Structures are given as structure tokens and as C-alpha cells.
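Engineer: First residue of the sequence shown? That's 1 in my numbering, and the numbers climb one at a time after it. Even for Gly, the Cβ is constructed at its ideal location relative to N, Cα and C. All values derive from a computational prediction rather than experimental measurement. Sharing a structure here in C-alpha cells format.
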Amino acid sequence: MKIKIAYLSGFCMGVRRATDIVYALAKNLHKKNKKIVTYGPLIHNPRVLEELKSKGIGSISKPEDADPGTTVVIRAHGIPPDTREKLISAKALICDATCPDVLKVQSLVKKYANKGYTIIIIGDNGHAEVTGLLGFAGSKSFVVNKPGEINNIPDIAGDIAVVCQTTQSSDLFEAVSSEIKNRFPHAAIYNTICKSTEKRQEETRKLAKEADVMIVLGGKNSANTQRLYEICINEKKPAYYIENADELNVDEILKYRTVGITAGASTPNWMIKNLVHELKKANRKNRLKLLLNIENIIYFIVRTNILIAVSAAALSYICTKFFKLHNPSILYPLTAGLYIFSMHTFNRLFDNTLGELKDSSRIGFMESHHEEFKALSIIAMFAVLICSLILGFFAFIIAFIACIAGISYGTKLLPKTWAVRRLKDIPMSKNILVTLAWASITVFLPLFGYKEVSPPPISPLLVAFTFTYISILIFIRCLTYDMVEIHADRIIGKESLAVLKGKSFTKKTIAVMILISALMSVSASYFKVIPSYGYMLPVVSVYSLFYLYLYHKRHFSQEAVFDLIVDSKFILAGLIVYLGLKFIG
Ligand code: SF4
1 MKIKIAYLSG FCMGVRRATD IVYALAKNLH KKNKKIVTYG PLIHNPRVLE ELKSKGIGSI
61 SKPEDADPGT TVVIRAHGIP PDTREKLISA KALICDATCP DVLKVQSLVK KYANKGYTII
121 IIGDNGHAEV TGLLGFAGSK SFVVNKPGEI NNIPDIAGDI AVVCQTTQSS DLFEAVSSEI
181 KNRFPHAAIY NTICKSTEKR QEETRKLAKE ADVMIVLGGK NSANTQRLYE ICINEKKPAY
241 YIENADELNV DEILKYRTVG ITAGASTPNW MIKNLVHELK KANRKNRLKL LLNIENIIYF
301 IVRTNILIAV SAAALSYICT KFFKLHNPSI LYPLTAGLYI FSMHTFNRLF DNTLGELKDS
361 SRIGFMESHH EEFKALSIIA MFAVLICSLI LGFFAFIIAF IACIAGISYG TKLLPKTWAV
421 RRLKDIPMSK NILVTLAWAS ITVFLPLFGY KEVSPPPISP LLVAFTFTYI SILIFIRCLT
481 YDMVEIHADR IIGKESLAVL KGKSFTKKTI AVMILISALM SVSASYFKVI PSYGYMLPVV
541 SVYSLFYLYL YHKRHFSQEA VFDLIVDSKF ILAGLIVYLG LKFIG
């Protein structure tokens with residue numbers, strides 16, 4: 001079975017913007033004990049609404065429900081002017097997160113209504129956006145939501161302006177507007193379907209033509225998701241409209257060769273990932289034994305954190321070679337691998353902040369073996385301390401500090417009333433601390449733990465190069481995951497670079513870091529800081545750019561495969577250093 005995901009799936013610009021506004025407000029206002037509510041549910045997604053509720057962000061449906069002083073966030077659909085006035089009279093503080101595209105339609109309607117035009121809205125009567133537009137249109141207005149309905153409208157004497165709900169289907173708009181044109185040739189008709197909706201519908205139509213079956217993921221009361229479903233049906237393809245993966249009878253889907261997935265504008269990415277994961281899991285049962293085994297191995301090494309442990313060991317190996325240590329102990333890579341395994345496992349198991357939103361398959365697997373993983377992470381931590389003790393006093397101190405930092409990262413150390421209770425609550429702390437922890441254990445352990453009688457001379461320049469180069473490689477990894485987990489991080493409230501600065505900024509930062517790492521390794525070889533294999537290390541940069549490109553083009557339908565490709569980068573770097581030393585010195 002082949003799974004294809006529509007390129008434009010998940011949050012649209014307006015929903016993303018509204019979500020960002022609410023989370024930014026929540027952060028600032030909750031500190032001051034101020035109440036926040038949204039006017040109507042922020043998005044059509046029960047899981048996200050539950051999470052908002054747990055953060056104390058409820059929703060109201062009438063202006064009278066707003067207590068004085070409460071901040072009321074207007075969601076992307078907008079509200080009618082009289083509702084705004086009522087909220088102001090109720091002494092609520094308004095934070096307007098109406099989508100800019102909806103605002104444009106509102107001002108168009110207002111302009112024509114002020115000129116005395118009758119307004120016809122092509123849209124769903126009762127939908128929040130249409131209710132808002134009717135508020136601007138005044139009493140001379142009508143809503144038409146399917147072909148033929150125009151005949152129910154009485155004759156209109158004066159001028160007419162026609163607009164469309166931003167999430168309407170373009171087919172429906174064309175059909176209804178041509179009927180309007182026939183009956184009222186003088187009507188000024190505006191196609192106000194937003195670009196994001198148009199592109200999403202085009203993508204869905206294209207995908208429905210290619211796929212044997214379509215799955216439409218999104219809230220049942222989401223108008224734009226409903227349209228996507230209708231498009232699939234119009235393409236005469238079997239289609240399933242679901243709110244989450246549990247609703248799907250996967251055995252039904254397994255009958256088809258190509259499965260297309262599209263999702264509404266308020267469907268977060270992790271829900272799409274969960275769905276893909278469920279489909280893949282079911283499909284694996286149907287595969288050839290060999291393929292099944294390969295897939296199982298990938299899943300196993302990724303989910304058990306074996307892969308990142310091996311990656312950390314590879315980085316430690318690179319450092320011993322950069323420092324030209326004679327016969328370096330196996331304990332360096334072993335300690336690094338055990339440390340990274342222990343800390344990643346420990347923090348995932350003890351992190352109760354909606355980990356399942358980020359990494360459903362890994363968390364599910366770990367949860368089902370909770371006790372075993374807990375024991376393994378603790379055993380690995382003790383093994384780290386014992387190995388480092390064998391390596392010497394300095395190595396032990398480094399490992400000990402790194403273990404304490406790793407354990408305290410997700411532990412609530414400060415009182416409940418403080419906004420920052422754990423290290424992980426500090427913005428971007430994960431990127432910085434994870435980079436420092438990896439770099440300390442891979443760079444400093446061989447540097448300070450080496451106890452030969454006549455150690456090789458290690459210049460400060462070489463130390464600075466090694467630490468910076470290794471840190472950049474690790475930082476690229478952190479930013480890559482930030483980018484992938486951006487939706488979940490927003491909801492959890494974690495302030496990663498991607499959340500703070502956006503996905504495109506993060507992608508550019510990763511690209512710049514990749515370029516810097518390539519330039520660094522080449523310059524280090526050129527200036528003889530490291531041997532000639534440094535000229536080969538840019539292969540790692542090309543590899544990183546390649547997976548970044550594949551991610552950008554949405555070629556990864558399985559998170560385990562993505563993790564495998566991202567984390568194998570360090571192993572590739574280790575292999576290059578090994579082969580470089582063997583063949584070119
Ligand atoms: S669907 Fe379009 S108009 Fe509606 S919120 Fe999203 S971007 Fe804005």
C-alpha cells in the first residue's frame with residue numbers, strides 16, 4: 001500500500017495565526033492571573049480544545065457570558081459588529097485573531113452594504129464566518145448555499161454584490177455564481193475563497209484522481225474539511241471522513257493500493273502522523289516477510305533509542321580521532337552512547353506533557369514497556385558513572401554533572417506559582433541544553449579523560465573547532481525535530497526556535513548551519529587542524545540538505561524512517577572519518 005499526503009494538509013495560515021495568538025496571550029496573561037476565553041471554539045479539534053481547557057482557556061458562545069476584564073479572543077472566522085459592541089459593553093478586553101483574509105471579505109461586504117447594495121453570501125448559513133459577514137451586510141442580505149437556492153430569493157430591485165465564504169468549494173461557487181449571473185446580470189460577483197483553501201482543494205482534487213481511496217481528516221463540524229470530502233466524492237473515489245485515526249476501519253483501507261490523505265485547515269500535523277502510523281502498522285502485517293523484518297528492525301532501533309545511542313558513540317569516536325588519541329578506550333563511545341540512551345529514555349518516560357502529540361509511535365511503544373525502559377535508563381545511567389570512573393576523576397565529574405543536568409531538565413524544581421519551574425520551561429532550553437549535554441559527553445570526556453603518559457598535543461584551536469563542529473551537528477538535529485514537532489510544541493507551550501520564529505526561519509537557520517559545518521571541516525583540513533578526511537566531511541552536509549529537501553517535499557510518511565535518516569547522519573560522519581583515516585590519512 002502506498003500512502004500519499006496532500007501537500008497542503010493541516011493548519012492554514014489563519015488558524016495557525018489564531019493559535020499562536022492564543023498561546024502567546026495565555027503565556028503572558030496567566031502569569032498575571034488574567035482570564036482568557038475564545039469566542040466560540042478556537043479550532044474544530046476536540047483534542048486541542050481539551051488541551052486549551054486544561055490550560056484554563058475556555059470558550060464562550062454569547063457576549064453576555066464574558067466577565068468584565070476577561071480577554072476574549074476572536075477566532076479566525078471573525079464576529080459580527082454588534083457582537084463586538086456587546087463584548088465592549090460587557091467590559092471584556094478584545095483580542096482580534098480574525099484571519100486577514102476574512103477581514104478583507106468583511107470590509108468588502110461593509111463597503112457595498114454602506115452603498116445600499118443587497119449582499120448575497122455564498123456559504124453555509126449558521127457558519128461563524130457567514131454569521132459575521134451577515135452582521136456587516138445588514139438586513140438587505142441573503143445566504144445561498146447550493147445550486148437552485150437562488151430561486152428562493154425574491155426579486156431584488158437595486159444593486160447586488162455577491163461574496164463567498166472563504167472556505168467554500170470553488171465548484172460550488174462557480175455553479176451558484178453562474179445562476180446568480182443569469183438571474184441578476186447586473187450583480188457584482190467576487191470570488192472571495194481564500195488562496196489557502198483554493199490550493200488545498202486543488203491538491204485534494206489532484207490527489208483524489210491519483211489515489212484509489214481518500215481519507216479526509218478533520219473535525220466533523222469543520223466546513224473546509226467537509227468541502228474536501230465532497231471533492232473526493234465528486235471525483236468518484238471511495239472516501240472516508242474521520243476526526244481521528246481510531247475511527248478508521250483500517251482493514252477496509254488495506255484493500256487499496258494507493259491511499260490519499262488530506263486534512264482540514266484546523267487539523268494539527270500530529271494527527272496526520274498518527275493516521276499514517278496506524279495505516280503503516282496495519283499494512284506491515286500484509287507485507288513480505290523480509291520487508292517486514294527490515295521495517296521491524298528500523299522501528300525497533302528508532303523506538304528503543306538504540307539509534308541515537310549509536311549516533312552519540314559515533315560522535316565520540318570522531319572526537320577521539322580529531323584529538324588523534326593513541327588507542328583510545330572503547331569506554332569513550334560506550335559512555336557517550338549509554339548516556340544519550342539513558343537521558344533520552346528517562347526524559348521521554350517522565351515527560352507527562354502530551355508526548356503522544358509529538359511522537360505517538362515511540363511513546364506508545366515505550367509506554368507499553370514502561371517498567372523495562374525505566375529500569376534500563378537507570379541501569380544505563382549507573383553504567384555511565386562506572387565507565388567514567390574507570391576513565392578517571394575528570395571524566396567522572398563531567399559524566400556526573402551531565403547526568404544531574406539531564407535528570408533535572410524535565411523535573412519540576414521550583415514552586416507551582418513560578419512560570420518557569422523546570423529547565424525545559426526556559427525558551428529554547430532544549431536546543432541549548434541538549435547540544436551542551438551531547439557535546440560535553442562526546443568532546444570533553446575524551447579530552448579530559450585521556451590518561452596516557454605522553455598524550456598527543458591538543459591545541460586550543462583544535463578543541464575549539466571540535467566543540468563547535470560537533471555542537472553544530474547536534475544543533476542541526478535539534479532544530480530539525482523542532483521543525484517537525486512545531487504544532488505539538490505550540491500546543492504543549494514549548495518555546496522552540498520553530499515556535500518562536502516560524503518554520504521557514506528554522507529551515508533557513510538549519511541550511512545556514514549545514515553550510516557553516518561544511519566550511520568548517522574543509523577549512524580545518526586546509527589549515528591542518530584535522531587530517532585530510534575533513535575534505536570529505538561536507539558529504540554529511542549534503543546528506544543533511546538532502547533529507548531537509550525530502551522533508552520539505554513531504555516525502556516522509558513514516559516518522560521512524562525520518563528519525564532513522566536524521567540520526568544516521570552522525571554514523572555517516574563517523575564512517576567518513578574511519579574511511580578517511582584508512583585510505584587517505
Ligand atoms: S481557511 Fe483561509 S480564510 Fe479561513 S482561516 Fe484559513 S487562511 Fe484564513
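With 16 as the cutoff for other CB atoms within 10 Å, does ILE231 come out buried or exposed?
Structural biologist: As a first step, residue 231 is located in the sequence shown; it is residue number 231 there, counting from the start. ILE231 comes out buried.
Engineer: Is it the case that the Cβ atoms of ASN431 and PHE475 are separated by a distance below 8 Å?
Structural biologist: What you label residue 431 is simply residue 431 of the sequence shown in a count that begins at 1. What you label residue 475 is simply residue 475 of the sequence shown in a count that begins at 1. Taking 8 Å as the Cβ cut-off, ASN431 and PHE475 qualify as a contacting pair.
Engineer: Looking at VAL72: is its Cβ nearer than 8 Å to the Cβ of TYR39?
Structural biologist: In the sequence shown, the residue the question calls residue 72 occupies position 72. In the sequence shown, the residue the question calls residue 39 occupies position 39. The answer is yes: Cβ separation under 8 Å.
Engineer: Taking only three categories from DSSP, how would you classify ASP101?
Structural biologist: Your numbering for residue 101 matches position 101 in the sequence shown. In the structure shown, ASP101 sits in a helix (DSSP, three-state: H, G or I).
Engineer: Please determine whether the Cβ atom of VAL302 lies at a distance below 7 Å from any heavy atom of the ligand SF4.
Structural biologist: The residue you call residue 302 lines up with position 302 of the sequence shown. Because no heavy atom of the ligand SF4 lies under 7 Å away, the Cβ of VAL302 does not count as near it: no.
Engineer: For the region 85-98 against the region 136-147, do three or more pairs of beta-carbon atoms, one drawn from each stretch, fall closer than 8 Å, so that the two count as touching?
Structural biologist: no
Engineer: Would PHE382 be called buried (16 or more neighbouring beta carbons within 10 Å of its own) or exposed?
Structural biologist: The count along the sequence shown starts at 1 and reaches residue 382 at position 382. Label assigned to PHE382: exposed.
Engineer: Look at the alpha carbon of LEU548 and the alpha carbon of ALA313, and state the distance between them as a whole number of angstroms.
Structural biologist: Position 548 of the sequence shown, counting from 1, holds the residue named residue 548. Position 313 of the sequence shown, counting from 1, holds the residue named residue 313. LEU548 and ALA313: Cα-Cα distance of roughly 24 Å.
Engineer: Taking the alpha-carbon positions, what's the ASN151 to ASN224 distance?
Structural biologist: Here residue 151 refers to the residue found at position 151 when the sequence shown is read from its first residue. Here residue 224 refers to the residue found at position 224 when the sequence shown is read from its first residue. Using only the alpha carbons, I get a separation of about 25 Å.
Engineer: Run through DSSP, which three-state label would SER360 get?
Structural biologist: Locating residue 360 in the sequence shown gives position 360, counting from the first residue. For SER360, the predicted structure reports a pLDDT of 49, less than 50, and the residue's modelled location is therefore unreliable. The matter cannot be settled from this model.
Engineer: Between the alpha carbons of ARG303 and ARG348, how many angstroms are there, rounded?
Structural biologist: Here residue 303 refers to the residue found at position 303 when the sequence shown is read from its first residue. Here residue 348 refers to the residue found at position 348 when the sequence shown is read from its first residue. Their backbone Cα atoms lie some 11 Å apart in a straight line.
Engineer: Hey, would you say LEU275 sits closer than 8 Å to LEU228, going by beta carbons?
Structural biologist: Numbered from 1 along the sequence shown, position 275 holds the residue referred to as residue 275. Numbered from 1 along the sequence shown, position 228 holds the residue referred to as residue 228. Taking 8 Å as the Cβ cut-off, LEU275 and LEU228 do not qualify as a contacting pair.
Engineer: Decide yes or no for the touch test of the region 99-119 against the region 48-59: beta carbon pairs closer than 8 Å, at least 3 of them.
Structural biologist: Inter-segment contact for the region 99-119 and the region 48-59 is absent: fewer than three beta-carbon pairs are separated by less than 8 Å.
Engineer: Could you tell me which uninterrupted beta strand (DSSP E) segments, each at least 3 residues in length, are contained entirely in the region 275-353, listed from first to last along the chain?
Structural biologist: none
Engineer: Can you give the Cα-Cα distance for ASN114 and ILE79, rounded to whole angstroms?
Structural biologist: The residue given as residue 114 occupies position 114 in the sequence shown. The residue given as residue 79 occupies position 79 in the sequence shown. Distance between the alpha carbons of ASN114 and ILE79 is about 18 Å.
Engineer: Thinking C-alpha only, which one of LEU564, MET513, THR70 is nearest SER541?
Structural biologist: Counted from its first residue, the sequence shown places residue 541 at position 541. Taking only the C-alpha atoms, the option nearest SER541 is MET513.
Engineer: Could you pull out every residue in the same chain whose Cβ sits closer than 7 Å to the Cβ of LEU331, ignoring the five residues on either side in sequence?
Structural biologist: Walking along the sequence shown from the start, residue 331 turns up at place 331. Excluding positions up to five away in sequence, the list reads CYS387, ILE390, LEU391.
Engineer: Is it the case that the region 496-508 contacts the region 433-442, given that we only count it when at least three CB pairs across the two stretches are under 8 Å?
Structural biologist: By the criterion of at least three beta-carbon pairs nearer than 8 Å, the region 433-442 is not in contact with the region 496-508.
Engineer: Beta carbon of THR225: closer than 7 Å to some heavy atom of the ligand SF4?
Structural biologist: On the sequence shown, residue 225 is found 225 positions in, with the first residue counted as 1. No, the ligand SF4 has no heavy atom inside 7 Å of this Cβ.
Engineer: Could you tell me if the beta carbon of THR166 falls within a distance shorter than 7 Å of some heavy atom in the ligand SF4?
Structural biologist: Residue numbering aside, residue 166 sits at position 166 when the sequence shown is read from its first letter. Checking every heavy atom of the ligand SF4 against the Cβ of THR166, one is found closer than 7 Å.
Engineer: The ligand SF4 and GLY14: does any heavy atom of the ligand fall closer than 7 Å to the residue's C-beta?
Structural biologist: If you number the sequence shown from 1, residue 14 lands on position 14. Because some heavy atom of the ligand SF4 lies under 7 Å away, the Cβ of GLY14 counts as near it: yes.
Engineer: With DSSP as the reference, label PHE142 as helix, strand or coil.
Structural biologist: Residue mapping note: residue 142 aligns to position 142 of the sequence shown, counting from 1. Here PHE142 sits in strand by DSSP.
Engineer: Comparing the CB of SER196 with every heavy atom of the ligand SF4, is any distance shorter than 7 Å?
Structural biologist: Taking the sequence shown and counting its residues from 1, one reaches residue 196 at position 196. Result yes, Cβ under 7 Å from the ligand SF4.
Engineer: Beta-carbon within less than 7 Å of ILE510's beta-carbon, same chain only, minus the 5 sequence neighbours each way: which residues are those?
Structural biologist: Indexing the sequence shown from 1 puts residue 510 at position 510. Hits under 7 Å: ILE476, LEU479, THR480, LEU548.
Engineer: Could you tell me the distance, in whole angstroms, from the CA atom of ARG257 to the CA atom of SER9?
Structural biologist: The sequence position of residue 257 within the sequence shown is 257, counting from 1. The sequence position of residue 9 within the sequence shown is 9, counting from 1. Distance between the alpha carbons of ARG257 and SER9: 21 Å.
Engineer: Could you check whether the region 58-72 touches the region 121-131, counting it as contact only if at least three pairs of C-beta atoms, one from each stretch, sit closer than 8 Å?
Structural biologist: no
Engineer: Just checking ASP20 against the ligand ZN - is the residue's beta carbon closer than 7 Å to any of the ligand's heavy atoms?
Structural biologist: Although the ligand ZN was asked about, the structure shown includes only the ligand SF4 as ligands.
Engineer: Using a 10 Å radius around the Cβ and a threshold of 16 neighbouring Cβ atoms, would you call PRO333 buried or exposed?
Structural biologist: Position 333 of the sequence shown holds residue 333. PRO333 is buried by the Cβ-count criterion.
Engineer: Taking 8 Å as the limit between beta carbons, can you name the residues of its chain near VAL566, skipping five residues before and five after?
Structural biologist: Numbered from its first residue, the sequence shown carries residue 566 at position 566. Excluding positions up to five away in sequence, the list reads ARG477, THR480, TYR481, TYR547.
Engineer: Compare the Cα-Cα distances from LYS265 to each of ILE584, ASN182, MET536, ALA6 and report the closest residue.
Structural biologist: The sequence position of residue 265 within the sequence shown is 265, counting from 1. Reading the sequence as shown, one finds Ala at residue 265 and not Lys. Minimum Cα distance to ALA265 is reached at ALA6.
Engineer: Can you give me the C-alpha to C-alpha distance between TYR578 and GLU278, rounded to a whole angstrom?
Structural biologist: Within the sequence shown, residue 578 is the residue found at index 578, counting from 1. Within the sequence shown, residue 278 is the residue found at index 278, counting from 1. Straight-line Cα distance between these residues: approximately 39 Å.
Engineer: Applying the criterion that 16 or more other CB atoms from any shown protein chain within 10 Å of the CB defines a buried residue, is LEU515 buried or exposed?
Structural biologist: Taking the first residue of the sequence shown as position 1, residue 515 is located at position 515. Classification of LEU515: exposed, given that the 10 Å Cβ count is below 16.
Engineer: DSSP state of ARG62, grouped into three classes?
Structural biologist: Taking the sequence shown and counting its residues from 1, one reaches residue 62 at position 62. The amino acid occupying residue 62 in the given sequence is Lys; Arg does not appear at that position. Of the three classes helix, strand and coil, the one that applies to LYS62 here is coil, per DSSP.
Engineer: How is ILE43 classed by DSSP in three states: helix, strand or coil?
Structural biologist: By one-based count along the sequence shown, residue 43 stands at place 43. Annotated three-state conformation of ILE43 is coil, per DSSP.
Engineer: Could you pull out every unbroken beta strand (DSSP E) segment of at least 3 residues lying fully inside the region 129-187, listed in chain order?
Structural biologist: 141-144, 160-164
Engineer: Let me check you understand the geometry: is the CB of ALA263 closer than 7 Å to at least one non-hydrogen atom of the ligand SF4?
Structural biologist: Taking the sequence shown and counting its residues from 1, one reaches residue 263 at position 263. No, the beta carbon of ALA263 sits no closer than 7 Å to any heavy atom of the ligand SF4.
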